[in-house]
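Report on one structure; see the data block that follows.
2 protein chains.
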Amino acid sequence: MSNINDTRERIIRVVKTRFHNRSYADVGIKEICDMASIQKGSFYHFFPSKRDLVLAVIDEFALDWANGFVAEAFDPALPPMERIDYVIDAAYFWQKSSKDLNGHIPGCLFGNLALEISTQDDVLRAKLNAVFTSAKDRFRGTLDEAVEQGTIKPLDSETTAEAMLAYLEGMILLAKAENDPEVIYRLGPALKNIRIETNRH
Amino acid sequence: MSNINDTRERIIRVVKTRFHNRSYADVGIKEICDMASIQKGSFYHFFPSKRDLVLAVIDEFALDWANGFVAEAFDPALPPMERIDYVIDAAYFWQKSSKDLNGHIPGCLFGNLALEISTQDDVLRAKLNAVFTSAKDRFRGTLDEAVEQGTIKPLDSETTAEAMLAYLEGMILLAKAENDPEVIYRLGPALKNIRIETNRH
DNA sequence: ATACTAGTTGACCGACCGGTCTATTGCAAG
DNA sequence: CTTGCAATAGACCGGTCGGTCAACTAGTAT
Chain A
241 MSNINDTRER
251 IIRVVKTRFH
261 NRSYADVGIK
271 EICDMASIQK
281 GSFYHFFPSK
291 RDLVLAVIDE
301 FALDWANGFV
311 AEAFDPALPP
321 MERIDYVIDA
331 AYFWQKSSKD
341 LNGHIPGCLF
351 GNLALEISTQ
361 DDVLRAKLNA
371 VFTSAKDRFR
381 GTLDEAVEQG
391 TIKPLDSETT
401 AEAMLAYLEG
411 MILLAKAEND
421 PEVIYRLGPA
431 LKNIRIETNR
441 H
Chain B
241 MSNINDTRER
251 IIRVVKTRFH
261 NRSYADVGIK
271 EICDMASIQK
281 GSFYHFFPSK
291 RDLVLAVIDE
301 FALDWANGFV
311 AEAFDPALPP
321 MERIDYVIDA
331 AYFWQKSSKD
341 LNGHIPGCLF
351 GNLALEISTQ
361 DDVLRAKLNA
371 VFTSAKDRFR
381 GTLDEAVEQG
391 TIKPLDSETT
401 AEAMLAYLEG
411 MILLAKAEND
421 PEVIYRLGPA
431 LKNIRIETNR
441 H
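As you go down the protein sequences, you meet chains A and B in turn.
Using the numbering used here, read the first sequence as starting at 241 and increasing by one per residue.
Using the numbering used here, read the second sequence as starting at 241 and increasing by one per residue.
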């Protein structure tokens with residue numbers, strides 16, 4: 241217990257950035273072991289398979305995300321609709337700083353993985369979908385608050401939140417294709433104007 | 241000349257659906273050859289490398305797309321803003337029918353490839369970006385028409401077109417993660433309300 | 001001192017990867 | 001009938017893939 245055993249953490253740390261900057265298929269176990277300065281036996285002591293690793297990475301990354309810029313952006317102290325602007329800023333700076341570091345826009349890890357493997361592994365797909373759902377819930381809560389405060393007129397907050405998330409992911413996708421973070425600033429302003437009206441039957 | 245030599249076409253046809261439904265990395269040369277009933281020698285007679293194949297596939301697919309539902313959706317006979325509704329319908333039915341066929345939503349080939357490999361191959365990235373640019377131009381032309389006809393108030397058609405494309409790709413991404421085409425119908429209505437105002441200096 | 005076990009090593013596995021190469025086929029032009 | 005060449009066949013290549021395994025190490029509990 242008192243022993244400092246950080247091997248598992250080291251594996252995850254090393255692989256997080258690699259999955260994010262490249263792709264699931266492109267990062268091999270051997271490379272991971274080399275970068276973490278371990279042998280394969282150690283790797284498979286902690287993870288039954290590469291698939292289990294990516295499952296763990298999604299969890300860890302979602303946690304980083306929630307504790308990091310998401311917690312900042314969705315700061316309850318900010319007026320609700322300003323939080324949405326903050327999300328744009330956060331997305332921009334993240335992609336921008338990644339590009340400054342290694343020349344490429346990595347995009348969103350969850351979006352990347354979703355498009356790469358969600359047709360091939362349903363468990364993975366469901367896990368990524370859960371991450372998106374919790375992101376959507378953040379938006380929805382913010383919209384509900386804005387409606388309560390009278391900042392915006394009532395709307396279908398659930399669906400609008402989903403639409404905002406879609407738009408965010410789409411912006412990041414185009415920014416990656418263009419390899420230019422400015423796309424996010426260019427398209428960002430439209431995010432908080434997205435509205436889907438309540439469907440009155 | 242009179243000889244029916246459809247090997248190249250057969251390779252492309254076989255690989256198009258596979259790249260679309262799985263991923264670039266997941267589809268191997270051997271599999272492609274088997275499915276096209278040829279040997280590796282034939283494959284490498286037509287394509288110098290797997291990378292050159294995917295380059296060709298992008299071209300072919302963009303052509304299919306342009307001649308297929310894009311040509312229909314952006315039918316000049318339709319009122320401009322109705323064309324945008326048509327895009328949603330087309331996206332929905334395509335994803336829906338794919339799911340009915342094999343149980344999975346394939347998403348958008350270009351979006352899939354962009355997120356999978358655009359950090360790893362700049363030529364490929366640029367090619368995909370060009371496809372997105374021409375899609376954006378379609379939207380822009382439609383918006384310009386709508387402005388001319390007075391259907392919508394003047395706006396920044398270039399940036400709004402890009403925003404619409406982002407939203408479309410984002411919807412498809414979420415639909416794939418959820419493996420449910422209904423996402424597209426749920427979020428679709430917001431597409432044509434996206435607006436980015438002209439930036440008056 | 002002993003037994004147990006989590007952690008680690010690194011050789012090894014079969015399968016498959018993208019790609020090469022030589023030999024052969026078959027058609028078309030001279 | 002010969003020459004030439006696009007097209008095809010299929011064995012072969014080194015390397016890497018994800019994953020296994022028996023042996024060993026070191027710290028802990030008894």
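Beta carbons are placed, not taken as given, at the ideal position from N, Cα and C, and that holds for glycine.
Worksheet entry | Residue-level contact to chain B via CB, T359/A, 8 angstroms cutoff | The C-beta of T359/A comes closer than 8 angstroms to at least one C-beta of chain B.
Worksheet item: Got a sec, what are the start and stop residues for the alpha helix (DSSP H) K393/A sits in?
Response: For K393/A, there is no enclosing alpha helix (DSSP H), as DSSP marks it with neither H nor E.
Worksheet item: Near Y326/A, which residues of its chain fall below 6 angstroms by C-beta distance, leaving aside the five closest residues on each side in sequence?
Response: Non-local beta-carbon contacts of Y326/A in its own chain, meaning distances under 6 angstroms to residues more than five positions away in sequence, involve A313 in chain order.
Discussion item. Counting only Cβ pairs nearer than 7 angstroms, list the residues of chain A close to P346/B.
Written reply: What P346/B touches in chain A, judged by beta-carbon distance under 7 angstroms, is T359, going in chain order.
Item to complete: Determine the chain B residues that contact N230/A at a beta-carbon separation under 9 angstroms, and present them in chain order.
Response: Missing from the structure shown is residue 230/A; chain A here goes from 241 to 441 and no further.
Worksheet entry | Separation of L395/B from L318/B, as counted between CA atoms | For L318/B and L395/B, the distance between alpha carbons rounds to 21 angstroms.
Fill in: Nearest-angstrom Cα separation, counted from I272/A out to Y332/A
When rounded, the distance between both Cα atoms is 28 angstroms.
Worksheet item: Any idea what DSSP makes of G410/B, helix, strand or coil?
Response: Residue state for G410/B is assigned as helix, using DSSP reduced to three classes.
Fill in: Chain-ordered residues of the segment 375-409 of chain B with a beta carbon less than 8 angstroms from chain A
Here the close residues are T399, T400, E402, A403, L405, A406, Y407, L408 and E409.
Practice prompt. Give the range of the alpha helix (DSSP H) segment to which K432/B is assigned.
Written response: Note, K432/B: premise wrong, no alpha helix (DSSP H); not H, not E.
Worksheet item: Using the beta-carbon count (16 or more within 10 Å), is G343/A buried or exposed?
Response: Per the 10 Å Cβ criterion, exposed.
Discussion item. For I251/B, which residues in the same chain have their Cβ closer than 6 angstroms to its Cβ, ignoring the five residues on either side in sequence?
Written reply: Closer than 6 angstroms at Cβ, skipping near neighbours: A276.
Worksheet entry | Cut-off 7 angstroms between Cβ atoms - residues of its own chain near I434/B, not counting five sequence neighbours on either side | Here the set comprises T400, A403, M404 and Y407.
Discussion item. Whole angstroms are fine: how far does the CA of L413/B sit from the CA of V254/A?
Written reply: A straight-line Cα-Cα distance of about 27 angstroms links V254/A and L413/B.
Practice prompt. For R323/B, name the three-state secondary structure that DSSP assigns.
Written response: In the structure shown, R323/B sits in a helix (DSSP, three-state: H, G or I).
Item to complete: Mind listing the chain A neighbours of M411/B? Cutoff is C-beta to C-beta under 7 angstroms, in chain order.
Response: Chain A residues near M411/B: A406.
Item to complete: Would you tell me roughly how many angstroms separate the C-alpha atoms of E398/B and T391/A, rounded to the nearest one?
Response: Whole-angstrom Cα-Cα distance: 29 angstroms.
Worksheet item: Between the segment 379-387 of chain B and the segment 291-299 of chain B, are three or more C-beta pairs nearer than 8 angstroms?
Response: Taking 8 angstroms as the limit for Cβ pairs, the verdict is that the segment 291-299 of chain B does not touch the segment 379-387 of chain B.
Worksheet item: Given a threshold of 16 other Cβ atoms within 10 Å of its Cβ, counted over all protein chains shown, does H445/B qualify as buried or as exposed?
Response: In this structure chain B extends from 241 to 441, so residue 445/B is not present and cannot be described.
Practice prompt. Give the single residue among M411/B, G268/B and N245/B whose Cα lies nearest to the Cα of P346/B.
Written response: When C-alpha distances from P346/B are compared across M411/B, G268/B and N245/B, the shortest belongs to M411/B.
Worksheet item: Expressed to the nearest angstrom, what Euclidean distance is found between the alpha-carbon atoms of F372/B and K280/B?
Response: One C-alpha to the other measures close to 33 angstroms.
Fill in: Minimum Cβ-Cβ distance from K416/A to chain B less than 8 angstroms
Chain B contact via Cβ: present.
Worksheet item: For the 8 angstroms Cβ check, are there 3 or more pairs between the segment 258-269 of chain B and the segment 356-365 of chain A?
Response: A contact is defined here as three or more CB-CB pairs under 8 angstroms, and the segment 258-269 of chain B meets this definition with respect to the segment 356-365 of chain A.
Item to complete: Examine chain B for any beta-carbon lying closer than 8 angstroms to the beta-carbon of I328/A, and answer yes or no.
Response: Interface with chain B (8 angstroms Cβ-Cβ cutoff): I328/A is excluded.
Item to complete: Just tell me which of A375/A, N419/A and I269/A has its CA closest to the CA of W305/A.
Response: Distances from the alpha-carbon of W305/A to those of A375/A, N419/A and I269/A put A375/A closest.
Item to complete: Could you confirm whether any beta carbon from chain B is found closer than 8 angstroms to the beta carbon of F259/A?
Response: The C-beta of F259/A comes no closer than 8 angstroms to any C-beta of chain B.
Fill in: chain B residues whose Cβ lies nearer than 7 angstroms to that of A354/A
Against chain B, a Cβ distance below 7 angstroms from A354/A picks out L413, K416 and A417.
Item to complete: Tell me whether A311/A is buried or exposed, calling it buried when 16 or more other Cβ atoms sit within 10 Å of its Cβ.
Response: That one is exposed.
Worksheet entry | Contact belief for I278/B with T247/B at Cβ below 8 angstroms, rounded distance in angstroms | Contact flag correct, Cβ pair sits at about 6 angstroms.
Worksheet item: CB K321/A to CB K432/A, shorter than 8 angstroms?
Response: Inspection of the sequence shows that residue 321/A is occupied by Met rather than by Lys. Yes, Cβ-Cβ distance for M321/A and K432/A is below 8 angstroms.
Practice prompt. Taking the CB atoms as reference points, tell me whether G428/A and I328/A lie closer together than 8 angstroms.
Written response: Contact check for G428/A against I328/A passes: the beta carbons are separated by less than 8 angstroms.
Fill in: Cα-Cα separation, R323/A to D315/A
Cα atoms of R323/A and D315/A: separation of roughly 7 angstroms, rounded to the nearest angstrom.
Item to complete: Could you run through the segment 283-299 of chain B and flag, in chain order, every residue whose CB is less than 9 angstroms away from some CB of chain A?
Response: Taking 9 angstroms as the Cβ-Cβ cut-off against chain A, none of the residues of the segment 283-299 of chain B qualify.
Item to complete: Give the secondary structure of F314/B by DSSP, where H, G and I count as helix, E and B as strand, and everything else as coil.
Response: In this structure, F314/B counts as coil in the three-state DSSP scheme.
Discussion item. I'd like to know whether the C-beta of P316/B is nearer than 8 angstroms to at least one C-beta of chain A.
Written reply: It does not: the Cβ of P316/B has no partner Cβ on chain A nearer than 8 angstroms.
Discussion item. If you reduce the DSSP assignment to three classes, tell me which class Y264/A lands in.
Written reply: Three-state result, Y264/A: coil.
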